[in-house]
Structure formats: structure tokens, C-alpha cells
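Beneath this line is the structure, given in C-alpha cells, with notes to follow.
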Amino acid sequence: MSTIFEHYNYAIIIILMMTGLYVVFASGNMIKKLVGLSVFQTSVFLLYISMGKITGGQPPILTKADMEAGAKAAASHASDISHGAAGVSEHALQSASETIYSNPLPHVLILTAIVVGVATLAIGLALVVRTREAYGTIEEAEIDQLDYQRNQEGEGA
Amino acid sequence: MNPHLILRVVAKFLIPFIALFAFYVQFHGDFGPGGGFQAGVIFAAAIILYALIFGIDAAKRVIPPSWVRIGMTLGVLLYGGTGVATWFLGGEFLNYTMFAPESHHAAGQHWGIFTVELGVLCTVASAMLAIFYAFASRLPDLSDEDW
Amino acid sequence: MGLLSYFPEWVLTHGPALIVVLPLLLAVITALNPSEKLAWLTAWLTALFCGVVALGLLLQVISHGAIDYAMGGWQPPIGIAYHVDALNAPILLLVCVIAILVTLYALPSVVAEVEPKKRAPFYAAFMLAFTGLLGMVVTGDAFNVFVFLEVSSISTYVLVAMGASRDRRALTSAYNYLILGSIGATFFVIGLGFLYMQTGTLNMMDIARVLQEGGVDSRVTQLAFAFIVIGLGLKLAMFPLHMWLPGAYAYAPSFVTAFLAATATKAALYLLLRFVFTIFDPSWSFVTSALMYLVAGLGILGMIAASLQAIFQNDIRRVLAFSSVAQVGYMLLGIGMATTLGLTAGYLHMINHAVMKGALFLAVGAMWYRFGITQVRDMRGLFKTMPWTMSAFTIAGLSLIGVPGTAGFVSKLALVRAAAENGWWWAVGVIVVTSVLAIIYIGRMIEQAFFYDPPLKDGVPLAKNEAPFMMLIPMWILAIAGLWFGIDAEWTTSLARSAANVLSHGPILPTTMGGH
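Chains as they are written, first to last, in numbering that gives the first Met the number 0: chain D, 0 to 156; chain U, 0 to 146; chain C, 0 to 515.
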């Protein structure tokens, strides 16, 4: 039981993920399905963000003090990791490694995923609008019914 | 009397500050949390708030849909153009160091990210507005009196 | 290697980035472009240019080995790296060549299928889809794959929905594709998240290195594997995750269908190969059993079930769509064997299937263009009314069945050999049975076209009305390519073999990393 509370973030993520998937599959309303899809995607955003959190981690921003310490460190020892383009800030990163920072990379990744989610949602809603104009309904059962009727008429003709 | 009077007065106070805050987030992105994505959305929110209170037509007079389309393209071109420029300067795609190869303070990186973020601001703000315009411009089912 | 010397230096050094950046930038410019002719020309020239770059990259890879490109000068594993090797260079060329041909075809077909105002943006969406496909194939960064996957998927939803002016069911098909495609992409990104948790890196080679050094038995790795395989399975229409495919293929504009059928599932299949074989290791027990029971097992199931379903469809494009699901099953069977022969066969079938399915869908589009034909029973007498189109259809159809002398035969034979070498005799049986099923569903259409007279219209039989040249040329190029690869299979087989070599060497370990 205590493991669940220690990892409560995963519990929340799993609950959201399953809720979202359930809504997508169980509801016949096109808008509700998109809502479910958004909930599902949000759970992934949380997964990534909780991944980047490090206990006691500071915001990963270099302050002036870090930069100065970095410049000193650069003079004293050369770096052996990859030779990135920004020389000074790289040394600063090394010398600042005594401070614990949260990992910013998952946040950046998930920013991209959020944008993708917004784009998907916009396209999905646009399709729903067009479907409503074409069929007069956004209930999938009714749309299937209409398609079936038209097919039958087509067979008869 | 206009039923939306309070909303209108408050919105008129708020919108300039929202837009200003967008630019603060944009340019502060160099030194702290912030950047083009957030700034673009905040800026678009200012316009969308204006459209919600004063009507979509008024908003379209402020920022016409054609500007929005151009803005989207311009942003991507600004971003991609930065990369193409670094090609012509002899580096890899988006290797900003090429803008100031001699600098010891990574000035090239600074300028590169600055332009790229400007492109992001442009595209994100325009794309948010484009999505809003596309949906809001459709004929409403509800008239103003019904709600 | 004389051909390689014609390529300027910058095409080869910057090629991996160029092939993605150029269509992306031109796509956004096209979005503003009011003239549909100009938009078409931009799209075609872009595809042509990318094709030239892809050819250069392929020749470079064949003669000098893999190419790495560090985006922004940031060396991997910190920066995003683009990686071209024998595995993805042929796919790049395939996507470009198909794009060149279908864009040629699009000029008359789009005029008939898309409203005038939407045509220029339509080409912009097409170029975005093209960018996304190239990007997800060329990139060596795991998260970058997701971004390009979504770029291509989102623009594909739009492209499919554009078929609404022809049939309103395109809207609901696009919607279903969007829901399932997004779930697939989200599963994929969950998998990447777990992979990142385990390894702390996103560069494919670096992930492979960290996984090799330890963490094989970790449940996080296994979870990542499961999510990635399911996510990609949705994208590549692995049975039974193919539910989005028939609708999307049946109601999209013809040239979109041909493009998707020939490239989209192939690019996703490439990603499956890349992840399963070069990031994970096929010798790990959970990967081995997944390949054997999940990939090969579902492949076999898909071959049988989708072929059967194809027989009972009335819409021509739905028949071909279900047949695509079945053909993906063949490729998955080859991949599931995880032997060099099996991988070669699967990869070869991927190339051959792209060629023949492209030709088939283009021919079907031409039939709709002239006579509005969508149903199998309407194909009566097509040999008399559209002899050239129907001949191309027949050649590609025979190739799909696997008649000797066609591309389909070569890859099916390779698959049978691989199965026999593995001792999977039941798989050989299934291949034979599904080929018989293919005879039924393709034969049904050819029978209608060949043995019946054209339907009467106002008392007289329909007159001969051949498709325009712009449609016949790409269709015939693909049909002849299908024959060519059947008679002289040396080139395609050698490409497939070198790709399989990359795969059977297991994880790509960063020997040249750092770029000093």
C-alpha cells in the first residue's frame, strides 16, 4: 500500500491514462472521444514532467555566480565531454554540477508533445464540425445508420 | 444598457497588460523561464479575449485573417531561414555559432536563439489565432439573447 | 560509382538535413500560394530535388558507409543526430520516388477531386506529410521520430479528410484515423519516456549503448519495448490494429491513397525494424519471444484474416486496403523470423509491395476519374473502355498475387526460402494459402474487366475513354518497375540484403561518435 503512496504520481498517471482510454473507446459522441483523447495525452505530459523532477532539484537556470565559477573552472581543468558549441556555458554547467538541478529535457520534450496535442485536437474538432455539417449529427451510431441507409439505397438504385 | 459593460471595461484595462506580458515572457526567455511558445500563446490570448468581449469582427479588424496566415509562414521561415543562413555561413543546419564564430561569450548562440524564438512567437501566436478564427467564424447556433 | 561524382559536395554532407528542411520550408510557402499550378510545380520540384538528394545519399552509403549529421553542430549524444545507413537510405529513395510519381498523377486527379479553393493548401499538406515521412526515416534521435511521426500523421488526417467533396465518409474515416493514430503516437511516446527513464538519453545509438551496458532485465526497458511496439503497430497497420486503414484508404483522394499505401506504412515498418533490432537487441529473451509470437504470429493472423476480408469487400479500394493489411503481414512474418534471410525477404517485400500497391491504387483512381467507378461490379468491360489502365492494373495485380516473373513472386519466394530455412513449414503453407486468396480477390476484379462487356448507357455500350497521359505515365512506370524487379531482382535484393546485414549485426554501437 505504501508503495502506491510513495509513487502517487504514477498512480495518478495510470488513473488518468485509463480514464482517457475508456472515454475514447466507450463513448459514441465524437466530441467526448476527443475529450478522452486529451485526457489520455495529458497523462503522458504528467509522466514526462514527473520524470524530470529530482528531489531537492533547483530550476535549471545558470545564475551569474555559476557563470563566474564556471569561468574559473574552465581555466583550471579542461573538459573531456563532447565539444559543444557554447564553450563558457558548458564549463559553467560542469562546475555547477554540485548544485542539484531538475532535468529540463523532459519539460522541453513535453512542450513539443503539448503542441502536437493541440494540433491534433484542432484538426479533430475541425473534422467534427465538418461531420456535423455533412451528417447533421456527431453521434457515431447515427452516422453509421445514415451511411448504412445510403448504402442500401445505393444497392437498390 | 449594454449587458457586457463591466466585461468590456475590465477587458480594455487587461488586454494591453496581457500583450505586454507576452513580450516580457518572450524577451526574458533569454535569462529565465519563458520563450516563444509561451509568449505566443499569451499574446494570442490577448486577442482572443478581445474577440470574446467585442466580437469576432472587431478582432478581425485589429488582426485580419490574412495577416494571421502570413504570420504563420513568416515564423516558420524565420526559424528555418536561420538554419539556412548557418548553411551559407559554412556550418551545420542551425549551428548558431556561425553567426559570431570569434565570440567567447557565445554571442552567435544568443543571436541564433533570439531569431528562432522570434519565429516561434510569430508562428504560435498566428496559429492559435488561426484556430480560433476558424472555429469562431462559423455561424453560431445560439443567438446573443439565448444565453 | 561514377554516378556519385556528379553530386556536389554539399548535397552529400548536408543531405540528411537538406532532405527534411527543404520540403518543410517550401510547404509553408506553398500554404500562402494562391495559384494551384504553381503549388503543384513547387511540390513536384521539391519531390524531384529530394529524390536526387536521396539517390546521392544512397550511393554514398553504398560506397562509403553510414553518414552522420549533427544538427546545429551539437555532437551526439547531446545534440540531435541524423543517421543514414543501408537500412534507411533505400526507404528515403522509395518515399521520394513514389512522391515524384504520385505528384505527377495529382495534377489531373486533384482537379477532379478537390475544391478549387483548397487545392493549393492541399499540396502544402501533402508536402508536410512528405517532410514528416522523410524526417522520421532519416533521424537518429528517438524523440525526433515522434515529432516527425506526428507531422506526417496530422497532415495525413487533413489529406484524407479532403476526400469529403467526393464522399462524406472521408470525414469519419479521417476522424477514426486521427483517434487511433493519436493513441498509437501517444503509446509510442510513453515508450520513449520509459526508455529515457532507463537510459537518460534520446540518441538511438546512445540508447543502444546504455542498454547493452546493463538494464536489459529491467522492467522499465520491457515496458518501453511493449509500448513502442504497440504504438508503431498501430501506425503500420499490424493486424488487429489496422481498423483505421481501410476507411482512410477507401475515401481519401486517389493520389493520397496511392502515396499512403506506398510509403506511410513502410516508414512505420522501418521504425519498427530500427527500434527492435538496432536499439533493443533481438537476442534478449523478451525481444525474441515478442518477435516470434507477437510480430510473426500477428503477421500470420493478419495474412489470413485480412485476405479473407478482402474477398468479401465490394469497394475496390477497400479490397486493396485489406490486401495491404495482409501484405504487411508478410513483411511482419519475415521480420519475425529475425534471421538474415527472413529480414531480407521482409525488406524486399516492403519495396516491392510499395511499387505494386502504388500502381494498383493509381489505376483505381484513374477508373474513378473517367467513369466514377468505386465498386468491383462496376469494373465490367474495363479492358475495352480503358485498356492501358486496366493492363497496368493487371500487371500490378499479378505481381500482388505472386505470379512468376513479377516482383511479388521474387519477394514471396524469398520469404518461403527464409521460412523453410527456419523450419517454419506451416508458414510456407500459409503463404501459399493466402496467395490463393489473393488470386480470388484480384481475379474477381480482372474477371469483371475481362470477361464482361462494358455496361450500356442509353442503349449503347460505353465508349473507350482512356485516362489522361499524366495519370498513365506514373502508373506504367510503377507497373514496369514491378515487372523489372521481378525479372532482374539483383538491385533490390542487394539493397534488402545490405539492410538486413545492418539489422542482423544487432545494436548500432557508437564507434565513430564524438566527431573528433
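Beta carbons are placed, not taken as given, at the ideal position from N, Cα and C, and that holds for glycine.
Local Cβ density within 10 Å of residue i, reported as buried at 16 or more and exposed below that
i	result
L98 (chain C)	In the sequence as presented, Leu is not what sits at residue 98 (chain C); that position holds Ala. Buried, since its Cβ has 16 or more Cβ neighbours within 10 Å.
H82 (chain C)	buried
T81 (chain U)	buried
S288 (chain C)	exposed
H352 (chain C)	buried
N150 (chain D)	exposed
G190 (chain C)	buried
D452 (chain C)	exposed
I142 (chain D)	buried
Y21 (chain D)	exposed
V115 (chain D)	buried
E8 (chain C)	exposed
N464 (chain C)	exposed
A124 (chain C)	buried
Y47 (chain D)	buried
Y269 (chain C)	buried
Chain C within 8 Å of residue i, Cβ atoms only
i	result
V75 (chain U)	yes
A133 (chain D)	yes
L93 (chain U)	yes
I130 (chain U)	no
Distance, residue j Cα to residue i Cα
i	j	result
V43 (chain D)	T119 (chain D)	15 Å
G70 (chain U)	L31 (chain C)	10 Å
F20 (chain U)	I41 (chain U)	8 Å
G380 (chain C)	L471 (chain C)	19 Å
I350 (chain C)	Y95 (chain U)	39 Å
A419 (chain C)	T343 (chain C)	14 Å
L44 (chain C)	P22 (chain C)	10 Å
D457 (chain C)	E446 (chain C)	24 Å
I11 (chain D)	V34 (chain D)	18 Å
F226 (chain C)	F186 (chain C)	5 Å
T138 (chain C)	V157 (chain C)	24 Å
N143 (chain C)	Y7 (chain D)	30 Å
Proximity test, Cβ basis, 8 Å: residue i and chain U
i	result
L124 (chain D)	yes
A112 (chain D)	no
V115 (chain D)	no
V22 (chain D)	no
Nearest residue (CA-CA) to residue i, options the options
i	options	result
F276 (chain C)	C:Y174, C:A309, C:D205, C:A337	C:A337
L17 (chain C)	U:H109, U:A84, U:H103, U:F134	U:A84
L361 (chain C)	C:S282, C:Y346, C:S390, C:T45	C:S390
N202 (chain C)	C:M70, C:K117, C:L56, C:K383	C:M70
I30 (chain D)	D:L110, D:T2, D:V128	D:V128
A320 (chain C)	C:I441, C:W367, C:A141	C:I441
D205 (chain C)	C:V10, C:S154, C:A141	C:A141
K392 (chain C)	C:A466, C:F274, C:R273	Rather than Lys, the amino acid found at residue 392 (chain C) in this sequence is Phe. Comparing Cα-Cα distances from F392 (chain C) to each of C:A466, C:F274, C:R273, the minimum goes to C:A466.
A99 (chain U)	U:E91, U:F92, U:W110, U:L93	U:W110
L177 (chain C)	C:W243, C:T384, C:A261, C:R369	C:W243
A325 (chain C)	C:A478, C:P239, C:I28, C:G422	C:P239
D166 (chain C)	C:K265, C:G213, C:I372	C:I372
I182 (chain C)	D:M50, D:A140, D:Q40, D:Y7	D:Q40
DSSP state of residue i mapped onto helix, strand, coil
i	result
L201 (chain C)	coil
Q37 (chain U)	helix
P460 (chain C)	strand
Q312 (chain C)	coil
E212 (chain C)	helix
I99 (chain D)	coil
T373 (chain C)	coil
S284 (chain C)	helix
D487 (chain C)	coil
M5 (chain D)	One detail in the question is off: residue 5 (chain D) reads as Glu in this sequence, not Met. Of the three classes helix, strand and coil, the one that applies to E5 (chain D) here is helix, per DSSP.
Cβ of residue i within 8 Å of any chain D Cβ
i	result
A99 (chain U)	no
I112 (chain U)	no
I52 (chain U)	no
F449 (chain C)	no
M474 (chain C)	no
H13 (chain C)	no
V375 (chain C)	no
Y81 (chain C)	no
F370 (chain C)	no
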